[in-house]
Amino acid sequence: MRIWRKLSSNYDKRILLFLGVLSINIIVFWLAAAVTDWESTRTSLFRWHHWFFMDWFGELHRIQTGIYTGEDIANYPAFCFLIFRIFYSLLPENEGVIYDDFNIRAMQSSVIPFAVFMVVLFFCFYHIFRYQMRSKSTFEREAMAILLLLSAPFLYVFERGNLIIIALVCTFLYVMLYDSEKKAVRMLSYVCLSIAAAIKLYPAVFGIFTLLKKRYKETIVLILLGCGTFFVPFAFFGGIDGCIAFFSSIMGSFETYYDYGFGFDFSIYNLERLIISLCSGYQTSATNISIIIVLFCLIVTFICVREFWQRVCVLSLAIVLLPKFSYFYTTCFLAIPLLYMLQSKERKSHYLYTCEFLLVFSPWLHIPLETVNYLGGEEFSHTMGVGHVTMYIGILSLMITLLVDGILQRIHKKKAAGKLV
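The working numbering numbers the first residue of the sequence shown as 992 and each following residue consecutively.
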């Protein structure tokens, strides 16, 4: 107790709570990995031991085999393939040689540029987070940035080699700079958000902050910039036909992703399907009722909450919960509201929020839920575990706490206004 009092007198107690619990979980996670031959890590890392970094090398392979043509059409926007095309140009050109995913990943001329690129992107996130935290304590800034990069969402982003890290960095920069007094800086933030949306689509929802500032002309510029960044690259990859094929692939993914199982997907649609499957046997689909309810709750919450970080959190939750398939890596966007919460004036409710963030960011050990991981005796690739359920609890608790907090803030505001009258 004396140690805690001494630490809490020098440091933010919310940060100490987050750092302490997350540190313990990370240590347990890696010790268990060594003891269980990596079987315990399957909640936070992909279970196919041979399939690491394949969100990168699998798409890199498409440059040679076809992107928006053939049976296996890409569900990445064309802007992503501008990036992949640059790295593909580094591969040695041997006439008549057809590379496969694993062959490309084994090549020095492919894996080294990829590794350098990923290190630079994670390094950018580290410095942006550390700079924006603006804590007086160097320990708090460094420890928060480092431990977040070791947390479950970021482990999954790294293991997949997914371009969402670019979308996260660009969205972070937009949130930091969109309200700058300098117009040039605001325009830079719009470019960042356009790039983020051109890579993953859903960060576009953050553009509402510019609209709320009543910068209507700049909002139009942001929309035009976003549309241009998203659609123009299709001119290099099949034009209109390629664009149509891309959206068809996205729609098709909604209908076929259930073949993989329940794990690694934190959409509310997947949760509804999971609950129905637990009650009535395995289900390949669910209703859209849960999506409608969550969308309504998030809209009400966004209107009611008063703190900036809470609105950022609502939009981040929308990114995670509303798409019909929302893989593990989308939860990394919750790092942005976490930072802004820790920047804001401390409230008692922040300790509850901190615990909810911990449920999402902690790398949980894999304790499988066997009743939903098999169909016809065959194990799914995306197995569901207790850790996934724990993360669901954290995500949904965040949404509910924000909703209740927002309603209470609105009631308090009306009472205060009534007293003034």
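Just so you know, even glycine gets a beta-carbon here, dropped at the ideal spot from N, CA and C.
1. Look at the alpha carbon of K1405 and the alpha carbon of Y1251, and state the distance between them as a whole number of angstroms.
2. Got a sec, what are the start and stop residues for the alpha helix (DSSP H) H1341 sits in?
3. Of all the CB atoms in chain C, is at least one closer than 8 Å to the CB of I1157?
4. Measuring CA to CA, which of P1194, G1230 and Y1342 is closest to V1166?
5. Once the 5 residues before and after L1013 are set aside, which same chain residues still bring their CB inside 7 Å of it?
6. Between the region 1207–1227 and the region 1326–1341, can you find at least three pairs of beta-carbon atoms closer than 8 Å?
7. For a test of the three-state rule: what should DSSP assign to E1370, helix, strand or coil?
8. DSSP beta-bridge partners for Y1318?
9. In this structure, how does DSSP classify P1359 when only helix, strand and coil are distinguished?
10. Suppose contacts are defined by Cβ-Cβ distances below 8 Å. Is R1151 in contact with D1232 by that definition?
11. Around the Cβ of D1396, are there at least 16 other Cβ atoms within 10 angstroms (buried) or fewer (exposed)?
12. Near G1091, what residues of its chain come up, given a Cβ to Cβ distance below 8 Å and the 5 sequence neighbours on each side ignored?
13. Name the DSSP beta bridge partners of G1376, please?
14. Pull up the distance between the alpha-carbon of L1164 and that of S1180, whole angstroms please.
15. Kindly list the residues whose CB is nearer than 7 Å to the CB of C1161, restricted to its own chain and excluding five residues on each side of it in sequence; keep chain order.
16. Report the CB separation of G1376 from I1358 in whole angstroms; it is logged as a contact under 8 Å.
17. Would you list the one or two residues that DSSP bridges to Y1383?
18. My understanding is that I1103 touches F1075, with C-beta atoms under 8 Å, so please give their C-beta distance in whole angstroms.
19. Use the C-beta contact count for I1402: other C-beta atoms within 10 angstroms, 16 or more gives buried, fewer gives exposed.
20. Excluding the 5 residues preceding and the 5 following T1201 in the sequence, name in chain order all residues of the same chain whose CB lies nearer than 7 Å to its CB.
21. Three or more beta-carbon pairs under 8 Å between the region 1099–1113 and the region 1264–1277, yes or no?
22. One question on the structure: do V1238 and Y1059 come within less than 8 Å of each other, judged by their Cβ atoms?
23. Nearest by alpha-carbon distance to Y1067: which of G1049, L1082, C1304 and L1081 is it?
From the atom records:
1. One C-alpha to the other measures close to 49 Å.
2. The continuous alpha helix (DSSP H) containing H1341 extends over residues S1340 to F1352.
3. In the structure shown, chain C cannot be found, because there is only a single protein chain.
4. Distances from the CA of V1166 to each of P1194, G1230 and Y1342 were compared; the closest alpha carbon is that of P1194.
5. Spatial neighbours of L1013 in its own chain (CB-CB distance under 7 Å, excluding positions within 5 residues in sequence) are listed in chain order as L1138, S1142, L1349, F1352 and S1353.
6. With a cut-off of 8 Å, the region 1207–1227 and the region 1326–1341 do not count as touching, because too few Cβ pairs lie within range.
7. Strand, per DSSP.
8. D1256, per the DSSP bridge assignment.
9. If DSSP states are grouped into helix, strand and coil, P1359 belongs with the strands.
10. It is not a contact, given that the beta carbons lie outside the stated cut-off.
11. When all chains shown are included, D1396 counts as buried.
12. According to the sequence as given, residue 1091 is Asp; it is not Gly. Here the set comprises H1052.
13. DSSP links G1376 through a beta bridge to P1359.
14. So the alpha carbons of these two residues sit roughly 6 Å apart.
15. Here the set comprises C1183, L1184, I1186 and A1187.
16. The pair is a contact, with the Cβ atoms about 5 Å apart (cut-off 8 Å).
17. Beta-bridge pairing links Y1383 to no other residue.
18. About 16 Å separates the two Cβ atoms, so there is no contact after all.
19. Looking at its Cβ environment, which holds fewer than 16 other Cβ atoms inside 10 Å, I1402 is exposed.
20. Closer than 7 Å at the Cβ level, and outside the excluded window around T1201, lie Y1169, E1209, T1210 and L1213.
21. Contact check between the region 1099–1113 and the region 1264–1277: fewer than three CB pairs, one atom from each, fall below 8 Å, which does not count as touching.
22. Per the sequence presented here, residue 1238 reads as Phe, with Val not at that position. No. Outside cutoff.
23. For Y1067, the closest C-alpha among the options G1049, L1082, C1304 and L1081 is that of G1049.
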